[in-house]
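Asks: Pasting a structure below so you can have a look.
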Amino acid sequence: VKEQYSLEFYFNKP
Amino acid sequence: MFEARLIQGGLLKKLLESVKELVTDANFDCSESGIALQAMDNSHVALVSLLLRSEGFDPYRCDRGFSLGVNLNSLNKILKCAGNDDIITLRADDNSADSLSLSFENPNNDRIGEYELKLMDIDQEHLSIPETDYDATIIMPSAEFQRICRDLTVVSESVTIDVSKDTIKFTAEGELGSGNIKLKSTSSIDKPEESVNIELGQDVSLQFSLKYLMNFTKGTPLSEQVILCLSEKMPLLVEYKMDIGYIRYYLAPKIGD
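So the protein sequences, as listed, match chains E and D.
Take 1 as the starting number for the first sequence in the working numbering and just add one per residue.
Take 1001 as the starting number for the second sequence in the working numbering and just add one per residue.
Listed below in structure tokens is the structure:
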């Protein structure tokens, strides 16, 4: 099963 | 005081159509430089970011930065009352505004519709998206990308995108079978909008949910071309450029086994 991380995982909050 | 008059009002109608499936409520951040919006879908795997530059409006006036919290479904309903050729003007007082005024002027300037949309407080998190050097950048006809997503949805709910030297390949595998579409890079001097351009640093292979990509292709009427940017283990960027700005969609990949 492939995982799909949320975008917070890639884009840091400022 | 905020006032933005858009001669090509139809553009705003198309823009709303292209975000409303993904996001229900969002803040329009207004500043001297223009109108921006960034919002994630409920599952936080997709994000939409749009910008309308102030130069695209005539006139544009925004004394200080503030946000307009809008239910996009409601705004879309009101914008449906505007004709495709109407000039649309948006007005709001300032931070204390509890409604957004919209007026729709027909090209003959003999019919003017005026509407008020109630605003809401939206507490939205803002992600800082870094400038990225992508492994692969593809510029292709937006209608072709839309067709590929629609066709492969028949086969599966996900698509694998492989980019190599001069080819981009979309592959879907599902219970009924499988399908793939390969596009070779082409260049048409007469019709550059019909060509497929591949800029490649290194080969990329990534899998994405077709449901979200189908949503992104709601942006197709905004531009004849779509730009796809991919890097291994990074979100996909799907961009439609307009004369007065852009709409960008980001989608987290499906990774690992």
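Idealized CB from N, CA, C, for every residue including glycine.
1. Reducing DSSP to helix, strand and coil, say where G1201 (chain D) ends up.
2. Would DSSP call S1187 (chain D) helix, strand or coil?
3. Distance, Cα to Cα, L1037 (chain D) vs T1132 (chain D)?
4. Taking the straight line between their C-alpha atoms, what separation do you get for S1103 (chain D) and L1117 (chain D)?
5. Using a threshold of 8 Å, state whether the C-beta atoms of G1065 (chain D) and L1051 (chain D) are closer than that.
6. Look at the Cβ atom of G1009 (chain D), then the Cβ atom of D1243 (chain D), and state whether they are nearer than 8 Å.
7. With 9 Å as the limit, tell me which residues of the region 1234 to 1257 of chain D have their beta carbon closer than that to any beta carbon of chain E; keep them in chain order.
8. Mapping DSSP to helix, strand and coil, what is D1110 (chain D)?
9. Please give the ranges of any beta strand (DSSP E) in the region 1064 to 1108 of chain D, keeping only runs that are unbroken, at least 3 residues long and fully inside the region.
10. For N1071 (chain D), tell me which candidate among D:D1098, D:T1024, D:H1126 has the shortest Cα-Cα distance.
11. Could you say which of D:E1105, D:L1015, D:D1094 lies nearest to N1215 (chain D) if we only look at CA atoms?
12. At the level of alpha carbons, what is the spacing between R1053 (chain D) and T1186 (chain D)?
13. Measuring CB to CB, does P1235 (chain D) end up less than 8 Å from Y10 (chain E)?
14. State the DSSP-derived secondary structure class of V1154 (chain D), mapped to helix, strand or coil.
Replies: Looking at the atomic coordinates:
1. In the second sequence, the residue the question calls residue 1201 (chain D) occupies position 201. If DSSP states are grouped into helix, strand and coil, G1201 (chain D) belongs with coil.
2. Position 187 of the second sequence, counted from the start, is the residue given in the question as residue 1187 (chain D). If DSSP states are grouped into helix, strand and coil, S1187 (chain D) belongs with coil.
3. Locating residue 1037 (chain D) in the second sequence gives position 37, where the first residue counts as 1. Locating residue 1132 (chain D) in the second sequence gives position 132, where the first residue counts as 1. C-alpha separation (whole angstroms): 20 Å.
4. Here the question's residue 1103 (chain D) lines up with position 103 in the second sequence. Here the question's residue 1117 (chain D) lines up with position 117 in the second sequence. Going by the C-alpha atoms only, they are around 11 Å apart.
5. The residue labelled residue 1065 (chain D) in the question sits at position 65 within the second sequence. The residue labelled residue 1051 (chain D) in the question sits at position 51 within the second sequence. Going by C-beta atoms, G1065 (chain D) is not nearer than 8 Å to L1051 (chain D).
6. In the second sequence, counting from the first residue as 1, residue 1009 (chain D) sits at position 9. In the second sequence, counting from the first residue as 1, residue 1243 (chain D) sits at position 243. Not in contact: G1009 (chain D) and D1243 (chain D) (Cβ atoms no closer than 8 Å).
7. M1234, P1235, Y1250, L1251, A1252, P1253, K1254, I1255, G1256, D1257
8. Here the question's residue 1110 (chain D) lines up with position 110 in the second sequence. Residue state, collapsed to three classes: coil.
9. 1066 to 1071, 1087 to 1092, 1099 to 1105
10. Looking up residue 1071 (chain D) in the second sequence gives position 71. When only C-alpha atoms are compared, the closest one is D:T1024.
11. Here residue 1215 (chain D) is taken as the residue at index 215 of the second sequence, counted from 1. Minimum Cα distance to N1215 (chain D) is reached at D:L1015.
12. Residue 1053 (chain D) sits at position 53 when you count from the first residue of the second sequence. Residue 1186 (chain D) sits at position 186 when you count from the first residue of the second sequence. Cα to Cα, R1053 (chain D) sits roughly 32 Å from T1186 (chain D).
13. Residue mapping note: residue 1235 (chain D) aligns to position 235 of the second sequence, counting from 1. Residue mapping note: residue 10 (chain E) aligns to position 10 of the first sequence, counting from 1. Closer than 8 Å, so yes.
14. For this step, residue 1154 (chain D) is matched to residue 154 along the second sequence. Residue state, collapsed to three classes: coil.
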